[in-house]
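J.: Protein chains in written order, with the numbering used here: chain A, 5 to 405; chain B, 31 to 328. Note that CB positions come from ideal geometry on N, CA and C, so glycine has one too. If you're wondering where the values come from, they're calculated on a predicted model, not measured in any experiment.
See below:
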C-alpha cells in the first residue's frame, strides 16, 4: 500500500517535471513574440500556442458576431485554446479601430484589426509612421500578391458579394437589381446605411451601376437608378438594419452575402422569413477586408495565433464539437484538428482570400445554400483607385439626389 | 506685547482672512473651471487647431476652402433651416402649453406636466427614431390605426424619411423642452400686474402688448435659441432616418471622422465643426441684443 503510494507520487512528480519541461522548453526566454515575423521564428505551432495560452486573452475590435461568421470564429478560438476574447465596440467603424490604436491606453489596445481598404490608405500613405507589426502566416503564399504588403504589415482576408435580400411576402420575388423599379415595390426598398458612410451601401450603388450598363469606371448609372427609385417612391431612406426590417419599415435591401446567415436567423427570431439571392444582372465582389497586427498589441503571441487561425485552410471540427480531450492535445495537433478561419468564412457566405488555392487543393467546404453565383455571371471587382473615383461622385450627388 | 507685534498680528490675521476668502473662492469655482476646461475649451481648441492642418500636420487653409463648397454648402443651409423651422414650430405650441398650464392649471396638473415633459425632453437618438419608425412607418401601429379611421398618411408624398419627417420627429422632444424652459418665465408674470393694468383701464390685449409680451420676449428668444441649437446639432435620430439622403452638417462630420467610405479627411470634418460653432455664435447675437435692451428696461 505504502510502496504503491510512493510509486504513484514518484510518477506524479516525474510527470509534473516533464510537463513543466515541455512547457518551459518552447517558451524559451529568447523568444520575444512581439517581434516574431512567422511561425518559424516563433519556434513552431506548439510554442506559439503555449505562449498564447499563457497570455490568456486576445483583444479584438469592431467584430460583429453575425458578420462573415466571426461569432463562430471567436467561439472556436476561445473554446479550443482557452483564450478569452474581448471585442471592443462590435458595431464600430474602421476609423474607430485606427483612432483606438492612436489614443487608447496600453492595456486597451487591440491586438489585431479588421479594416476596409480605404481606411488602410490612411495609415500606410506617405509620411505616416507604421502602426502594424509585420507577420507572415503559414499560408502566406496563397494570398494573392495584390492583396498583401510584401513585408507582411497587412493582408487581405475575405470579401463579399452584393446580394438582394427580401421578405418572403414580397411578390413578385426580385431576382435582379433592375427589378427594383417595379411599382409593386412602392416604399419597400432600403439600403443598409448611408452610401457616403458605409462601404456596403456604397458598393450596393456600384452594383446598381453594373446592372444598369455602368462599369468599374462608371458609377453614374447607379446614382441615376437610385434617383429613379426615390422619385417613384420605391426607395425609403430608412437604415436597412434588422430592427427596422422587423418593424416593417422596408422589405427589400442590398447587402453582403456574408451577412445572410446572421440576418436570416435574426429575422426568424422576429417571426419573419428573409431570403437572399445573388442578382443575375450584377455580381459585384467587394475589395477584401484587411487583417493586421497592432504594433502596440498587449498580447503578441495570441495576436499571431489568431492570424494563423484565420488563414488556416483546415476542414476540421467546429466549436460545438470541441471536446475536453481535444483541449489536452499538443498545440500543433489541436490547431490541425479545428476548422480553419478560411473555411469558417465560407460557412458564413464570405469568399476567403485563399479560395483559389483552396479550390485547387480541394480543401474548401461548401457554402450556405442560395448564395451561389449565377452560372456564367461575370464577377466585377472595382479596385481601390476605381472606388476612390466613384466615391467622389457619390459624395457629391447622394445628399441631394 | 509690543505695538509693532500687535500690528503685525493684526496684519497677518487680516491677510489671513483675505487669502482665506480668495482661496475659498478659487476652490469654489475650481470644479467649474476645470470642467469647462476639460470638456469645452480643450476640445474646442483641439478642433480649431487641427482644422488648420493637413493629414501630416502641416498648416493649410484647404479644409475651409472645401467646407465652403458643395455638398457642404447645401448641408449648412439644410441644417440651419432644420434648426429654425423645428425651433419655431415647437416653441410656439410649447409656449402656449406653458402659459395655459401655469395660469389655468392646478398644482397637481402643473407637477404632472413638469414630470412628463422632463421624461419626453430627454428622449432622443436612435431609440426615438425607431419609436417613430415603428409607429408611423409604412407598417407602423399608428399608421394602421389612422388607416382604420380612413386616414392614409402615405396616400400623398409624405415620407418619414425626409427633412419634413425629421422635423416632425424632433417636435416630440422639443415641445416638452420648450414647456420646461419657458414655464419659469410665465410663472414670473404676477397676477397683480395684470390687475394693476386693469385698474388703470388697460384691456387684456393692451396688457399683453405693452407688458406681458415685452416681459416674456427675452425668455422666449433664449428658449428658441436652445431649441435651435438642439435641432441644428442633433445627429443620431437624423442619421437613422435619412441614410444620408438629406444633407445635414452633423451627419457629414460623422461620415468624415468615423465613416468607412470617406477616409483621410478628418480635418475637413473639424473645419465643418468650426463652421457650426460660428453659426451658433451668430445665433447668439440677437439674443444678446435683446438681453441688453431688456436689462436696461427692467
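1. If contact means a Cβ-Cβ distance below 9 Å, which residues of the region 178-194 of chain B contact chain A?
2. For chain B, find out if any of its Cβ atoms is closer than 8 Å to the Cβ of residue 64 of chain A; answer yes or no.
3. How far does the beta strand (DSSP E) with residue 63 of chain A in it reach, from first residue to last?
4. Flag residue 242 of chain A as yes if its beta-carbon sits less than 8 Å from any beta-carbon of chain B, otherwise no.
5. Is it a yes or a no for the region 383-397 of chain A touching the region 129-143 of chain A, going by three-plus beta-carbon pairs under 8 Å?
6. In the DSSP assignment, the beta strand (DSSP E) including residue 195 of chain A goes from what residue to what residue?
7. Using 10 angstroms around the beta-carbon of residue 137 of chain B, count the other beta-carbons present and answer buried if the total reaches 16, otherwise exposed.
8. Between residue 402 of chain A and chain B, is any beta-carbon pair separated by less than 8 Å?
9. Using the beta-carbon of each residue, which ones in chain B are nearer than 7 Å to residue 203 of chain A?
10. Residue 42 of chain A bridges to which residues according to DSSP?
11. To the nearest angstrom, how far is the alpha carbon of residue 332 of chain B from that of residue 252 of chain A?
12. Please classify residue 258 of chain A as buried or exposed, where buried requires at least 16 other C-beta atoms within 10 Å of its C-beta.
13. To which residues of the same chain is residue 176 of chain B closer than 8 Å at the C-beta, ignoring the five residues directly before and after it?
14. In the DSSP assignment, find the unbroken alpha helix (DSSP H) run with residue 211 of chain A in it and report its ends.
15. Can the beta-carbon of residue 255 of chain A be found closer than 8 Å to that of residue 198 of chain A?
16. Closer than 7 Å by beta-carbon distance: list the chain B residues that pair up with residue 415 of chain A, in chain order.
17. What does a CB cutoff of less than 7 Å around residue 322 of chain A pick up in its chain, not counting 5 residues either side in sequence?
18. DSSP beta-bridge partners for residue 260 of chain A?
19. For residue 349 of chain A versus residue 288 of chain A, is the C-beta spacing smaller than 8 Å?
20. Just the Cα atoms here: how many angstroms apart are residue 337 of chain A and residue 158 of chain A?
21. Which of the three DSSP states is assigned to residue 389 of chain A in this structure?
22. Can you tell me the Cβ-Cβ gap for residue 178 of chain B and residue 172 of chain B, rounded? I've got them flagged as a contact below 8 Å.
23. Chain B beta carbons: is any one of them nearer than 8 Å to that of residue 271 of chain A?
24. Residue 113 of chain B CB to nearest chain A CB: under 8 Å?
25. Span of the beta strand (DSSP E) holding residue 293 of chain A?
26. Rounded to whole angstroms, what's the CA-CA distance from residue 249 of chain A to residue 44 of chain A? Just pull it up for me.
27. Closest Cβ-Cβ distance between residue 237 of chain B and chain A: below 8 Å?
28. Residue 263 of chain B by DSSP, collapsed to three states: which one?
29. Note down the Cα distance separating residue 105 of chain B from residue 227 of chain A, rounded to an integer number of angstroms.
30. Using the rule of at least 16 other Cβ atoms within 10 Å of the residue's Cβ for burial, across every protein chain shown, is residue 89 of chain B buried or exposed?
31. What does a CB cutoff of less than 6 Å around residue 110 of chain B pick up in its chain, not counting 5 residues either side in sequence?
32. Express the C-alpha separation of residue 339 of chain A and residue 401 of chain A in angstroms, rounding to a whole number.
33. Measuring straight from C-alpha to C-alpha, what distance separates residue 191 of chain B and residue 112 of chain B?
34. Ordered along the chain, which non-local residues of its own chain (more than five positions away) have a Cβ less than 6 Å from that of residue 135 of chain A?
35. If we define contact as Cβ-Cβ less than 8 Å, is residue 195 of chain A a contact residue for chain B?
36. Would you mind reading off the limits of the alpha helix (DSSP H) that contains residue 198 of chain A?
T.: The relevant details are as follows:
1. 184, 187, 189, 190, 191, 192
2. Locating residue 64 of chain A in the first chain gives position 60, where the first residue counts as 1. No - not a single Cβ of chain B is within 8 Å of the one on residue 64 of chain A.
3. By one-based count along the first chain, residue 63 of chain A stands at place 59. It spans 61-65 - the beta strand (DSSP E) in which residue 63 of chain A sits, taken as one unbroken run.
4. Translated into positions along the first chain, residue 242 of chain A becomes position 238. It does; some Cβ of chain B falls within 8 Å.
5. no
6. The residue given as residue 195 of chain A occupies position 191 in the first chain. 193-195 is the extent of the beta strand (DSSP E) around residue 195 of chain A.
7. In the second chain, counting from the first residue as 1, residue 137 of chain B sits at position 107. Exposed: under 16 other Cβ atoms inside 10 Å.
8. The sequence position of residue 402 of chain A within the first chain is 398, counting from 1. Yes, contact with chain B.
9. As a working mapping, residue 203 of chain A is identified with position 199 in the first chain. The contacting residues are 290, 291.
10. Here residue 42 of chain A corresponds to residue number 38 of the first chain, with the count starting at 1. Per DSSP, A:140.
11. With chain B represented from 31 up to 328, any question about residue 332 of chain B goes unanswered, as that position is not in the structure.
12. Residue numbering aside, residue 258 of chain A sits at position 254 when the first chain is read from its first letter. By the neighbour-count rule (16 or more Cβ atoms within 10 Å), residue 258 of chain A is buried.
13. In the second chain, counting from the first residue as 1, residue 176 of chain B sits at position 146. Counting only Cβ-Cβ distances below 8 Å, and skipping sequence neighbours, we find 182, 183.
14. Start at 1 with the first residue of the first chain, and residue 211 of chain A comes out as number 207. Unbroken alpha helix (DSSP H) run through residue 211 of chain A: 203-215.
15. In the first chain, residue 255 of chain A corresponds to position 251, counting from 1. In the first chain, residue 198 of chain A corresponds to position 194, counting from 1. Against a cut-off of 8 Å, the Cβ pair of residue 198 of chain A and residue 255 of chain A comes out as no contact.
16. Residue 415 of chain A cannot be examined here, being either before or after the span of chain A that is shown, 5 to 405.
17. Within the first chain, residue 322 of chain A is the residue found at index 318, counting from 1. Result list for residue 322 of chain A: 76, 80, 343, in chain order.
18. Position 256 of the first chain, counted from the start, is the residue given in the question as residue 260 of chain A. Bridge partners of residue 260 of chain A: A:166.
19. What you label residue 349 of chain A is simply residue 345 of the first chain in a count that begins at 1. What you label residue 288 of chain A is simply residue 284 of the first chain in a count that begins at 1. Contact: no.
20. Start at 1 with the first residue of the first chain, and residue 337 of chain A comes out as number 333. Start at 1 with the first residue of the first chain, and residue 158 of chain A comes out as number 154. Computed Cα separation, rounded: 27 Å.
21. As a position in the first chain, residue 389 of chain A is number 385, starting the count at 1. Three-state DSSP puts residue 389 of chain A in a helix.
22. Within the second chain, the letter at position 148 stands for residue 178 of chain B. Within the second chain, the letter at position 142 stands for residue 172 of chain B. At roughly 11 Å, the Cβ-Cβ gap does not stay under 8 Å, so residue 178 of chain B and residue 172 of chain B are not in contact.
23. On the first chain, residue 271 of chain A is found 267 positions in, with the first residue counted as 1. Answer no: the Cβ-Cβ gap between residue 271 of chain A and chain B never drops below 8 Å.
24. Residue numbering aside, residue 113 of chain B sits at position 83 when the second chain is read from its first letter. It does not: the Cβ of residue 113 of chain B has no partner Cβ on chain A nearer than 8 Å.
25. For the purposes of this step, residue 293 of chain A is taken as the residue at position 289 of the first chain. 293-298 is the extent of the beta strand (DSSP E) around residue 293 of chain A.
26. On the first chain, residue 249 of chain A is found 245 positions in, with the first residue counted as 1. On the first chain, residue 44 of chain A is found 40 positions in, with the first residue counted as 1. So the two alpha carbons sit approximately 49 Å from each other.
27. Walking along the second chain from the start, residue 237 of chain B turns up at place 207. No, residue 237 of chain B does not count as interfacial toward chain A.
28. What you label residue 263 of chain B is simply residue 233 of the second chain in a count that begins at 1. Residue 263 of chain B: helix per DSSP, three-state reduction.
29. As a position in the second chain, residue 105 of chain B is number 75, starting the count at 1. As a position in the first chain, residue 227 of chain A is number 223, starting the count at 1. The alpha-carbon atoms of residue 105 of chain B and residue 227 of chain A are separated by roughly 19 Å.
30. Numbered from 1 along the second chain, position 59 holds the residue referred to as residue 89 of chain B. When all chains shown are included, residue 89 of chain B counts as exposed.
31. Counted from its first residue, the second chain places residue 110 of chain B at position 80. For residue 110 of chain B, where only same-chain residues beyond five positions count, there are no Cβ hits under 6 Å.
32. Mapped onto the first chain, residue 401 of chain A falls at position 397. Mapped onto the first chain, residue 339 of chain A falls at position 335. Roughly 50 Å separates the two Cα atoms.
33. If you number the second chain from 1, residue 191 of chain B lands on position 161. If you number the second chain from 1, residue 112 of chain B lands on position 82. The alpha-carbon atoms of residue 191 of chain B and residue 112 of chain B are separated by roughly 14 Å.
34. Your numbering for residue 135 of chain A matches position 131 in the first chain. Cβ neighbours of residue 135 of chain A beyond the five flanking positions: 105, 127, 299.
35. Residue numbering aside, residue 195 of chain A sits at position 191 when the first chain is read from its first letter. Yes, contact with chain B.
36. Translated into positions along the first chain, residue 198 of chain A becomes position 194. Element bounds for residue 198 of chain A: n/a, residue is neither H nor E.
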